[in-house]
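> Here's a structure for you.
Protein chains: 6
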Amino acid sequence: MILRVDRLQTEMPPPSDPDPAGAAVVQELLGGKFGEMSTFMNYTYQSFNFRARQQARPFYDLVSSIAAEEFGHIELVATAINTMLTGSAGGPPAPSDSLSGVKAHQNPQQYIAGGASALVQDSNGKPWNGDYVNATGDLIEDLTWNFFLETGARNNKLKVYEMVEHPAARALTGYLLVRGGVHQVAYARAVEKLTGVDLMKLFPSPRIPTDKIPECQPHIQAGEHRKLYRFSPSDYQEIVAVWNGPHPETGEDLFVPEEAQPAGAPAFDLPAQEAVFAPSANPAEISEVAQRLRKAAGLPDQPTGVVAQDGNGTGVVDKVKDAIS
Amino acid sequence: MILRVDRLQTEMPPPSDPDPAGAAVVQELLGGKFGEMSTFMNYTYQSFNFRARQQARPFYDLVSSIAAEEFGHIELVATAINTMLTGSAGGPPAPSDSLSGVKAHQNPQQYIAGGASALVQDSNGKPWNGDYVNATGDLIEDLTWNFFLETGARNNKLKVYEMVEHPAARALTGYLLVRGGVHQVAYARAVEKLTGVDLMKLFPSPRIPTDKIPECQPHIQAGEHRKLYRFSPSDYQEIVAVWNGPHPETGEDLFVPEEAQPAGAPAFDLPAQEAVFAPSANPAEISEVAQRLRKAAGLPDQPTGVVAQDGNGTGVVDKVKDAIS
Amino acid sequence: MILRVDRLQTEMPPPSDPDPAGAAVVQELLGGKFGEMSTFMNYTYQSFNFRARQQARPFYDLVSSIAAEEFGHIELVATAINTMLTGSAGGPPAPSDSLSGVKAHQNPQQYIAGGASALVQDSNGKPWNGDYVNATGDLIEDLTWNFFLETGARNNKLKVYEMVEHPAARALTGYLLVRGGVHQVAYARAVEKLTGVDLMKLFPSPRIPTDKIPECQPHIQAGEHRKLYRFSPSDYQEIVAVWNGPHPETGEDLFVPEEAQPAGAPAFDLPAQEAVFAPSANPAEISEVAQRLRKAAGLPDQPTGVVAQDGNGTGVVDKVKDAIS
Amino acid sequence: MILRVDRLQTEMPPPSDPDPAGAAVVQELLGGKFGEMSTFMNYTYQSFNFRARQQARPFYDLVSSIAAEEFGHIELVATAINTMLTGSAGGPPAPSDSLSGVKAHQNPQQYIAGGASALVQDSNGKPWNGDYVNATGDLIEDLTWNFFLETGARNNKLKVYEMVEHPAARALTGYLLVRGGVHQVAYARAVEKLTGVDLMKLFPSPRIPTDKIPECQPHIQAGEHRKLYRFSPSDYQEIVAVWNGPHPETGEDLFVPEEAQPAGAPAFDLPAQEAVFAPSANPAEISEVAQRLRKAAGLPDQPTGVVAQDGNGTGVVDKVKDAIS
Amino acid sequence: MILRVDRLQTEMPPPSDPDPAGAAVVQELLGGKFGEMSTFMNYTYQSFNFRARQQARPFYDLVSSIAAEEFGHIELVATAINTMLTGSAGGPPAPSDSLSGVKAHQNPQQYIAGGASALVQDSNGKPWNGDYVNATGDLIEDLTWNFFLETGARNNKLKVYEMVEHPAARALTGYLLVRGGVHQVAYARAVEKLTGVDLMKLFPSPRIPTDKIPECQPHIQAGEHRKLYRFSPSDYQEIVAVWNGPHPETGEDLFVPEEAQPAGAPAFDLPAQEAVFAPSANPAEISEVAQRLRKAAGLPDQPTGVVAQDGNGTGVVDKVKDAIS
Amino acid sequence: MILRVDRLQTEMPPPSDPDPAGAAVVQELLGGKFGEMSTFMNYTYQSFNFRARQQARPFYDLVSSIAAEEFGHIELVATAINTMLTGSAGGPPAPSDSLSGVKAHQNPQQYIAGGASALVQDSNGKPWNGDYVNATGDLIEDLTWNFFLETGARNNKLKVYEMVEHPAARALTGYLLVRGGVHQVAYARAVEKLTGVDLMKLFPSPRIPTDKIPECQPHIQAGEHRKLYRFSPSDYQEIVAVWNGPHPETGEDLFVPEEAQPAGAPAFDLPAQEAVFAPSANPAEISEVAQRLRKAAGLPDQPTGVVAQDGNGTGVVDKVKDAIS
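These protein sequence lines map, in sequence, to chains A, B, C, D, E and F.
Quick note: the first sequence uses my numbering, first residue 785, plus one each step.
Quick note: the second sequence uses my numbering, first residue 785, plus one each step.
Quick note: the third sequence uses my numbering, first residue 785, plus one each step.
Quick note: the fourth sequence uses my numbering, first residue 785, plus one each step.
Quick note: the fifth sequence uses my numbering, first residue 785, plus one each step.
Quick note: the sixth sequence uses my numbering, first residue 785, plus one each step.
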């Protein structure tokens, strides 16, 4: 089972100019064959289906804990897409033509099926599906696949980087390249430990060193490329048996940090987009009910949840919200 | 982001007689339109895409924390399927005809694509897909849908209950009926709070009281039908604003327990199934490597992970393993 | 638009011994590439999208009216499937193992997603989809396709005939072979009129004369193989311009009858199947509410709708219902 | 079975400036998860599969008759799309570059697979499929789903309204919002009658009163929001037992009109689009053959079918046709 | 089995101005329902599954040899797409925004999943699938279908011709119209021989004579519309028994040429597109390795394969490459 | 382009006892994610889309020639399935119940859509689709994927071996394991040459040495595990630059043989299956027409094509045919 922490794994920029076309492209990193839904679900089902796990504990722990990190990645990609769509549907709801600006959008369902928000689809609008999961139960095969899956994911991230300049997309790909790179190394290392094959020579793959990407720098400087978190209060201790030795690109030592997970950062509380009825064509109604329920339950007047902006209308997002309304 | 706890949300029975036909049917509860992948992913994406969440915090917290519980449900369904398939592929690997007994199996991919294990598919062998997710951003609509989704899920669980007698399937459905019932009430309550509609009158739906199902009894006696967990170390405090009042079937008070999540139980370490190369056609190789790596990393000789059986070959599973080998 | 007549286009047998395996196969005639959903939707969309229809009125009328008949065909196939499944899920609902007898069923979703009833799927459990529709707007191409579609449909009906002996399946295929044969001739005739190609020489295709099939006899004796109905109170008069000349297999004259549609027959009121909660795990509740509403609305005590059995529990279905309960 | 009436359920505007981008978006209302194919097919299969229908006759009649109305809705959506595409492919056929203007179209298949016409797809170009149908046989569950389905459909119509300003799209959504609203109320009423749950409090959902939409006004003034038609020459009399009481938004009485269906209006005879060979790259050939066949069959010189424009080339469409050729 | 010849069936133009929008449209001719993957796979599986082939040898030979030609057609369509995309991703790889120009592309996967290259998809980005294959085993039915499939393919080619003016698209459609026309006649002839139906009267279908298309002229002048190749070193001799008589459009004699296949032409060696890492973000690495391996294997310094441009950097493609880099 | 040779790459057994359940399983090797359609199409599209191929000629030649071999593999799998289904539909066509024996078949479409023949589907009846193709254009990534794809394919072949004992399935898997093993080595070698990674240590993967499988023996003894054919009359000479060195399992030298392709063997002429109208419900009609056409074309009385049995009714298949008729 899991526990959820209401923070993003890394800081994400506030909404700025909307970029619907970019948001349609970033969907590939969410629901594409090599997107984060695929990494999340591949490792999750491999861990569920892992037979004789006690005998292979370091590998079970590796797959299980990386699966946990991947949940944070689908969260980040969705956050980037939602950020990029914010402001594009903020006008008044029907009757109006608030959405006429996105009539020729590549993925109209981001507005029609969603609320100016992420879908479980790829960049061609095709839903993610369970066929993208390989969980054969054969440990060497699954680990080899995982290495390849991360390679394909890295390829796609680099291309989306080139295609989309929006700050949210760049912050996203910068972070994911570093952390996906960790997983690529981790699975390569696992195959190496099991079979003796020196997969380290395949790095970087594609042939673009991670440290060439400016948006990766802060994370590299924080050593995020060397750390594999356990992502568990007390389990998955045995990843240390696999995650060790030098990093294939930098030669620095790989290590498992003390803390279970990165500190992360709160998400921005993305503003309502009335034209798509998110959270309502009439958000005040919800706000009032929520406030009443909160009071009745003895909760404080201010929401207990933490978000990236302050609540008094002077934060960054509030300014953006003013600007785009 | 999430933290993962290497325990099941409830105790599951050890493998006994394999039931491949039943395991094919139980797939519906995993990858079906109304299966646990759907509940997990619907609530997860609704939480990711939740706009103006501070204003609607109790509802955001509700959807977010139930999403977290649903991860545990896909884990349980996969566990049940894997348990039911254990023993059906335990013979020697190729060359042999170890798998000839499942040649006419409804879902041959459980053996060919998987390792006698769960797939991300429904009972007709169709992959789960992202189209099953509704995350419109309209809060009332999403909560109404969630209520319906849980109703459909309960329908399917009851039918799978009738169709499959295997102990793992019955333990699974008994638990899921109780906890899914909690979610059904939670979303009904949320709609009620927001709109005044008395959805409580729709219970039970389908028209079979939960307490009629014998396998639900232990969980009802433990009060699991009344508790909504936060499934977070410190977040999602505001679910108390929605989850309160009487249970629609029993009239008892609903409450949010102190503990973040149920205690749960360790999983059985399901034995290797050599005929499908899970974890290998030659598991000893993996075991040796793992032991070597463990030692090199300064880990203890015995695996640090906890499983349901003891490690000295005298537990229940070991006996089963002997019996089926 | 359409008006609906609550009668089947032909008489169907009452439920007898259930035949789940057969019912799974008959799905091909409903949701298969060459099933009745395909014929219905192909002609429907061709009629919607028909350009310059005044100039081509006889062809527009032909396609439009045959589309209308096809609705009755999906109704008949669904009826056959439902009839064949009746009795297989009539036991008590959960907790029970009333459905254990269909655990190894080819299409478990007929019970889990449906209520022992037809699905919009083919015989492999794959959903029908809009890709099966060709409505190119090119009249000659569409008519040529329609001829081929009917040929493929006839092929499939003949094979299902051989595969499934259940009386409902045989009554179904007997009728559909005659009426589908009419459509096959109609489209061939239309192509012939437009281009001069003598498609009559392709009959019968497949090479099995319709009059060889015993279950086709009553319909042939009633002349149903020669009639093309308008299926409209007053429209589609111009089909006479296409539907004329000799029948390619029998040489008899084709004609458009006075009556708009066949007399048809009422459907059997298929009994509840409690194990799948159809119409409820507790049908009496619905019955009571319905009776109360009827009275309040000034309707007579007895339902105004007509079904194939009498209402006093002595009809054929009632006997079957007794026998299988 | 059905009878077809060659009229639209409401008047639609003639073609004007083509709007291919809008036509791609409107596809969502046809082949989307919450589009009219879904409402049509959900209710149709629920009626086919309805068990113990005599005992539940008012509900059977309700579902059956609404299914019939939905056929008219797919017809209207297709008509709107076809109207919006008219004029965009009216140039000379190959060899030419008549279609170069739509090279970057979101849905090139509207031209390549269709004849500048509607496809059985959604706004992302994904085919409608049978998975969108829920016909569980459990009456309360199905009715609850139907209410939700209409809610989702209303959401999508409102968004398409905002996105597409073309007169055909606006006329379409104006009408469908009123009639879909009737179905939303009808199913809510049915659930209410069966269970006592006051779903009326959920209206309007989304939170935009129908009478705010200008294009709904004529239909509201005609009382179309209060009428539920039987859509049958003589059946489905018992819908009066469910369709009664006050309208949840206006408080006016709901009623079942005397007439079986709305008067409707003839469709415009959309002109040929030669560039896509609809109905031919050489339409004159078809016209000549049709005329010859008509004469041979003793039909009058003028087509017997009625369309919205006159036949002598002076009607609205003829002018448009002149303008765009 | 097959032998492969490293030449295209016809000469294709070198890359010029890239045309991504056009390349997305041309995908329909590759992975669409009526694209070349469909013709290739339909005939291939019909030949594999052909029963009693000795008794029906001329027809077996016909289907088998046309299947072989179709491989060359998927090769040509892929070549056209790749040519049209060349130059659109030739900038420096990440970090850069080399792909920002194609952010709003209809099919972003041509860059993200592919390397500025063809995908196995249609023009809406939907993958080709095995459902598009009809191989019923009924010879008359299969041949009738094949005729229709070629008709649909011709329809689509003509529309793509109108939609896309890029030289590669025009060269492609010009050639395919001639050769696809041959297959359309061949299957019509086969049906005619088997049944006596005079399908010749259906030509041309659509109603646009092939000789009207300028890009077809060179191939018609070379007699390519009259030749059916055996596409085999020594097999498929019996196609002469079907492929004979006059061409339905020109009246000229059909004939089977001496040579097994057309002479064809070498492909252009399309330049690297570094922004999409094709063949690498750092192509020099590959080049060096290849040269080293060649030498070690005793191969000549210059590649043994033949391409359309010379190897010394002065050919057409080299100039284009210079121009676009 | 390709030339086709009307021979199988290896000898296949004649039909014996039919094995429909086995034939449904073997579909995985044809249309599964890791089936031969996938290997064929992956390499084919990689070769089509190969950029800068002159610089990387040995790798281009490798991928291109292996693609050619894979055509022979889909042919072999289809042949095995067809052989296994032969005899199960040989009874009289409708009216009859000749197909009642396969009513509960896992894949009824093998009979309804096919003619007791192979479909482009996997073992769960899901169509193969273009999503299974990875052709990224990044050479290292594509080759790494190809290695993994062959690994997955080998896994599936071994499991099908265990599951299905029918002689055709065993002959098939025996041969494919050897030849697929060659491709697995070839791609591993290619990655090794390009990057220095020693993938040889991953063999065998899964951990079952090829020489343990009895049905592989004849092919190993013939050295088929060491040969990589060019599969081209004169091209693809540079595969020698990659295909060299010792075999990872046996240590023997790898080599490129003189002959372009294996000698192979003629296919059995599988007898008609009248119950599924393959090639007709009335095969004599076809035979007569064929004979007449042959004569008219000046062809000899006996078919020119070579099949595995003699033509005078005394061969193996003829006996089988007698036995099963």
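The beta-carbon is built from N, C-alpha and C at its ideal position, and this holds for glycine as well.
What you are looking at is a predicted structure, and each value in this text was computed from that prediction instead of being measured.
Does any residue of chain A have a CB that is nearer than 9 Å to the CB of residue 932 of chain F?
yes
> Which full runs of the beta strand (DSSP E) of 3+ residues lie inside the segment 900-933 of chain A, going along the chain?
none
> Residues in the segment 931-955 of chain E with C-beta within 8 Å of chain D's C-beta atoms, listed in sequence order?
939, 940, 942, 943, 944, 945, 946, 947, 948 and 949
> From which residue to which residue does the alpha helix (DSSP H) around residue 978 of chain B run?
In the DSSP assignment, residue 978 of chain B falls within the alpha helix (DSSP H) that extends over 951-979.
> If we count the other Cβ atoms within 10 Å of its Cβ and call it buried at 16 or more, is residue 1079 of chain B buried or exposed?
exposed
> Can you name the start and end residues of the beta strand (DSSP E) that residue 788 of chain A belongs to?
Unbroken beta strand (DSSP E) run through residue 788 of chain A: 786-788.
> For residue 862 of chain E, which residues from the same chain have a beta carbon less than 6 Å from its beta carbon, with the 5 sequence-adjacent residues on both sides left out?
902
> How big is the Cα-Cα spacing for residue 947 of chain D and residue 807 of chain A?
Between residue 947 of chain D and residue 807 of chain A, the C-alpha separation is close to 18 Å.
> Give a yes or no on contact between the segment 815-830 of chain B and the segment 788-795 of chain B, applying the rule of three or more CB pairs nearer than 8 Å.
no
> Beta carbons nearer than 7 Å to chain C: which residues of the segment 974-1002 of chain B have them?
Result list: 990, 991, 992, 996, 997 and 998.
> If you follow the alpha helix (DSSP H) that residue 845 of chain C is in, where does it begin and where does it stop?
Start and end: 841-869.
> Between residue 1066 of chain F and chain C, is any beta-carbon pair separated by less than 9 Å?
yes
> Spell out whether any CB of chain C is found under 9 Å from the CB atom of residue 886 of chain B.
no
> Using C-beta distances below 6 Å, list every residue in its chain close to residue 875 of chain C, excluding the 5 sequence neighbours before and after it, in chain order.
882 and 1059
> Could you tell me how far apart the beta carbons of residue 1084 of chain B and residue 952 of chain B are, in whole angstroms, since I believe they sit closer than 8 Å?
No, residue 1084 of chain B and residue 952 of chain B are not in contact; Cβ-Cβ is about 31 Å, not under 8 Å.
> So, is residue 1047 of chain D buried or exposed, given that buried needs 16 or more other C-beta atoms within 10 angstroms?
exposed
> With a threshold of 16 other CB atoms inside 10 Å of the CB of residue 993 of chain D, please say whether the residue is buried or exposed.
exposed
> Along the chain, where does the alpha helix (DSSP H) containing residue 810 of chain F start, and where does it finish?
804-815
> If I follow the unbroken alpha helix (DSSP H) through residue 1078 of chain A, where does it start and stop?
1067-1080
> Determine the direct distance from the alpha carbon of residue 804 of chain E to that of residue 888 of chain E, and round the result to whole angstroms.
10 Å
> Run through chain D and tell me which residues come within less than 7 Å of residue 1132 of chain B, C-beta to C-beta.
A query on residue 1132 of chain B cannot be resolved here, the shown segment of chain B reaching from 785 to 1109 and no further.
> Give a yes or no on whether the C-beta atoms belonging to residue 813 of chain C and residue 941 of chain C are separated by under 9 Å.
yes
> Check whether the segment 1059-1072 of chain F touches the segment 916-934 of chain E, taking contact to mean three or more Cβ pairs, one atom from each stretch, closer than 8 Å.
yes
> In three-state terms, what does DSSP make of residue 1039 of chain F?
Annotated three-state conformation of residue 1039 of chain F is strand, per DSSP.
> Between residue 857 of chain A and residue 1005 of chain B, what straight-line distance do the alpha-carbon atoms span, to the nearest angstrom?
Residue 857 of chain A and residue 1005 of chain B have their alpha carbons spaced roughly 38 Å apart.
> Quick check on residue 874 of chain E - is its C-beta less than 9 Å from some C-beta in chain A?
no
> With a Cβ-Cβ cutoff of 9 Å, do residue 1039 of chain C and residue 1010 of chain C count as a contact?
In this structure, residue 1039 of chain C lies near residue 1010 of chain C, with their beta-carbon atoms less than 9 Å apart.
> What residue does the alpha helix (DSSP H) around residue 1003 of chain C start on, and which one ends it?
Counting along the chain, the unbroken alpha helix (DSSP H) around residue 1003 of chain C starts and ends at 1001-1005.
> In the DSSP assignment, what are the bridge partners of residue 1083 of chain C?
Paired residues: none, contrary to the question.
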